[in-house]
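At position 148 of the sequence shown (counting the first as 1) the number is 148 in our numbering, and the numbers step up by one without a gap. We treat Cβ as the ideally placed atom computed from N, Cα and C, and that holds for glycine. Predicted model, so just to flag it, every value in this text is computed and none were measured. Note sheet for the following structure.
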Amino acid sequence: MYSTDLAYIHDAGFGDFAARAAPEVIRILRRHGIRPRAERFRGTTGSGRARRVVEVGCGSGTLARHLVDAGYDVVGLDISPAMIRLAREKVPEATFRVASLTKARMPRCDAVVAIGEVVTYVPASGGGTGVPPALRKFFSRVHEALEPGGLFIFDFIERGVWRTYPAKIHSGGDWVIAAHAELDAAGQILTRRMVAIRKVGRQYRRTQESHRVRIYKRRAVANALAGAGFTARMSRSYGRYRLLPGDVAVIATRR
1 MYSTDLAYIH DAGFGDFAAR AAPEVIRILR RHGIRPRAER FRGTTGSGRA
51 RRVVEVGCGS GTLARHLVDA GYDVVGLDIS PAMIRLAREK VPEATFRVAS
101 LTKARMPRCD AVVAIGEVVT YVPASGGGTG VPPALRKFFS RVHEALEPGG
151 LFIFDFIERG VWRTYPAKIH SGGDWVIAAH AELDAAGQIL TRRMVAIRKV
201 GRQYRRTQES HRVRIYKRRA VANALAGAGF TARMSRSYGR YRLLPGDVAV
251 IATRR
C-alpha cells in the first residue's frame with residue numbers, strides 16, 4: 001500500500017488535507033492543555049505536562065512537520081516504507097517507524113493522532129457495520145499509551161455514498177493518476193482503484209493499487225471507544241476545518 005510512486009504522488013499532489021487540518025489539530029491539543037515545551041516554560045496556562053504526540057498513519061510527514069514546528073515531540077508510524085522515507089526527509093527532527101496500525105507498539109504519550117480516515121483501513125472479515133476486533137484492540141492500545149486525560153484524535157467514514165466517483169484524472173509536473181471509487185452493494189466497503197504514471201529520469205513507470213476502506217456507524221465507534229476507556233465527542237470538522245461529506249471527526253479523552 002502506497003508504493004514508492006504512489007507515495008510520491010500523494011505527497012506532491014494530495015497533501016492539502018493534512019496541511020489544512022494541522023493548525024486545527026494543534027489548536028485542539030492546546031485547548032486541552034497539551035502544550036509544546038516552549039509554552040510551558042513561558043508560564044502559559046494549562047497543564048503543559050508532556051510534549052509527545054504519536055501520529056499513526058503519518059504518511060509523508062505533512063502533519064508531523066507542523067507539529068514539530070509548533071514545538072511537539074513527534075513519533076510517526078506508517079505501514080508504507082515509501083511514506084516513511086519521505087517523512088524522514090521532510091521532518092528529520094521526528095522519529096518514524098514502519099508499522100501497521102493493527103500491530104504498532106506506541107510509546108507513552110499525551111496524544112495519538114490518526115487523521116485522514118486511517119482507521120478505516122483496518123481489515124475486517126464478514127459483514128456488518130460493527131467495529132472489528134482488530135480496531136477495538138487498536139483503541140485499547142491507544143488508551144494504554146496515553147497519559148490520563150490524553151487525547152485520541154481521528155476521523156472515519158460514516159457514509160460512503162458521498163465518497164464514490166467515476167474516473168478522475170489528476171496530474172502534476174512529472175506524474176498523472178487516474179482513480180475511481182465505488183461502494184459495495186451493502187454500503188460497507190469503499191474501494192478506490194488507482195493507476196499512476198510517474199516520470200523518473202527519462203523513463204515512465206506505471207503503478208496500480210486498490211485500497212479497500214470500511215464504513216462505520218457513529219454509534220458503533222462510540223461504543224467501542226467507551227469500552228476502551230474513552231469519552232468521545234464527534235463532529236463534522238476539526239475546529240474550523242470541515243471534513244469531506246460523510247466523514248466524522250473524533251476527539252476522545254482517556255478516562
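**Prompt:** In whole angstroms, what separates the C-alpha of Pro23 from that of Thr62?
**Reply:** As a position in the sequence shown, residue 23 is number 23, starting the count at 1. As a position in the sequence shown, residue 62 is number 62, starting the count at 1. Roughly 12 Å between the two C-alpha positions.
Measure the alpha-carbon distance for Met106 versus Val54 and round it to whole angstroms.
Translated into the one-based positions of the sequence shown, residue 106 becomes position 106. Translated into the one-based positions of the sequence shown, residue 54 becomes position 54. Rounded to the nearest angstrom, the two C-alpha atoms are 7 Å apart.
In chain order, which continuous runs of the beta strand (DSSP E) of length 3 or greater are located wholly inside the region 45 to 108?
-> 52 to 56, 73 to 78, 95 to 98
Checklist line | Alpha-carbon spacing of Leu151 relative to Glu209, whole angstroms | finding: Here the question's residue 151 lines up with position 151 in the sequence shown. Here the question's residue 209 lines up with position 209 in the sequence shown. Approximately 33 Å, taken between the alpha carbons.
What's the C-alpha gap between Gly13 and Thr4? Stepping through the sequence shown from its first residue, residue 13 is reached at position 13. Stepping through the sequence shown from its first residue, residue 4 is reached at position 4. Looking at the two C-alpha atoms, the distance is approximately 14 Å.
- Task: Please determine, among Ile79, Gly130, Phe96, Arg108, the residue with the shortest C-alpha to C-alpha distance to Ala64.
- Result: As a first step, residue 64 is located in the sequence shown; it is residue number 64 there, counting from the start. Among Ile79, Gly130, Phe96, Arg108, the Cα nearest to that of Ala64 is on Phe96.
| According to DSSP, what are the bridge partners of Leu244? | To locate residue 244, count along the sequence shown from 1; it is residue 244. Answer by DSSP bridge pairing: none, since Leu244 is not bridged.
Under the three-state reduction of DSSP, which class applies to Val142: helix, strand or coil? Against the sequence shown, residue 142 aligns to sequence position 142. Looking at Val142 - three-state DSSP - the assignment turns out to be helix.
(message) Let me make sure I understand the geometry here. Which of Asp11, Asp247, Ala228 has the alpha-carbon closest to that of Lys137?
(response) For the purposes of this step, residue 137 is taken as the residue at position 137 of the sequence shown. Cα-wise, what sits closest to Lys137 is Ala228.
| Rounded straight-line distance, which links the Cα of Gly76 to that of Leu146 | Stepping through the sequence shown from its first residue, residue 146 is reached at position 146. Stepping through the sequence shown from its first residue, residue 76 is reached at position 76. When rounded, the distance between both Cα atoms is 15 Å.
Which term fits Pro133, buried or exposed, when burial requires 16 or more other beta carbons within 10 angstroms of its beta carbon?
As a working mapping, residue 133 is identified with position 133 in the sequence shown. Exposed: under 16 other Cβ atoms inside 10 Å.
Please report the distance separating the alpha-carbon of Asp184 from that of Arg212. Residue 184 sits at position 184 when you count from the first residue of the sequence shown. Residue 212 sits at position 212 when you count from the first residue of the sequence shown. Between Asp184 and Arg212, the C-alpha separation is close to 10 Å.
- Option in Ile9, Ala252, Ala7 with minimal Cα separation from Pro148: Numbered from 1 along the sequence shown, position 148 holds the residue referred to as residue 148. Measuring from the Cα of Pro148, the nearest candidate turns out to be Ala252.
**Asked** Which value, in whole angstroms, describes the spacing of the CA atoms of Pro36 and Gly173?
**Response** Numbered from its first residue, the sequence shown carries residue 36 at position 36. Numbered from its first residue, the sequence shown carries residue 173 at position 173. About 37 Å.
query = What's the gap between the Cα of Glu144 and the Cα of Pro92?
reply = As a working mapping, residue 144 is identified with position 144 in the sequence shown. As a working mapping, residue 92 is identified with position 92 in the sequence shown. Straight-line Cα distance between these residues: approximately 27 Å.
Q | Tyr204, DSSP secondary structure in three states | A | Reading the sequence shown from its first residue, position 204 is the one you call residue 204. Three-state result, Tyr204: strand.
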